[in-house]
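Numbering (my numbering), first residue to last: 2 to 44.
Where a beta carbon is used, it is the ideal one built from N, C-alpha and C, also for glycine.
The block underneath contains the structure these notes are about, expressed in C-alpha cells.
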C-alpha cells in the first residue's frame, strides 16, 4: 500500500513540474528554451 502512495505522489509531482515548465516554454518565441528560462517565466 505504501508503494501505491509513493507512486501517486511521484506522478502528481512530475505532472506539476512538467506543467510549469511547459507553460513557461510555451510563452517563449524562437527555438529551444533553456530549462531555467522556462522555469522563471512560468512563475
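Supposed close pair residue i, residue j - CB separation, criterion 8 Å
i	j	result
residue 11	residue 28	Not really, about 27 Å apart at Cβ, beyond 8 Å.
residue 22	residue 36	7 Å
Between the CA atoms of residue j and residue i - distance to the nearest angstrom
i	j	result
residue 40	residue 32	16 Å
residue 34	residue 15	19 Å
residue 44	residue 30	17 Å
residue 4	residue 20	24 Å
residue 2	residue 9	11 Å
Residue nearest to residue i in terms of C-alpha spacing, selected from the options
i	options	result
residue 25	8, 6 and 38	38
Other residues of its chain near residue i: CB distance less than 8 Å, five sequence neighbours each side excluded
i	result
residue 7	none
*Only counting runs of 4 or more residues, tell me where the alpha helix (DSSP H) segments fall wholly within the stretch 9-44, in order along the chain.*
Those alpha helix (DSSP H) runs which fall completely within the stretch 9-44 and span 4+ residues are 36-43.
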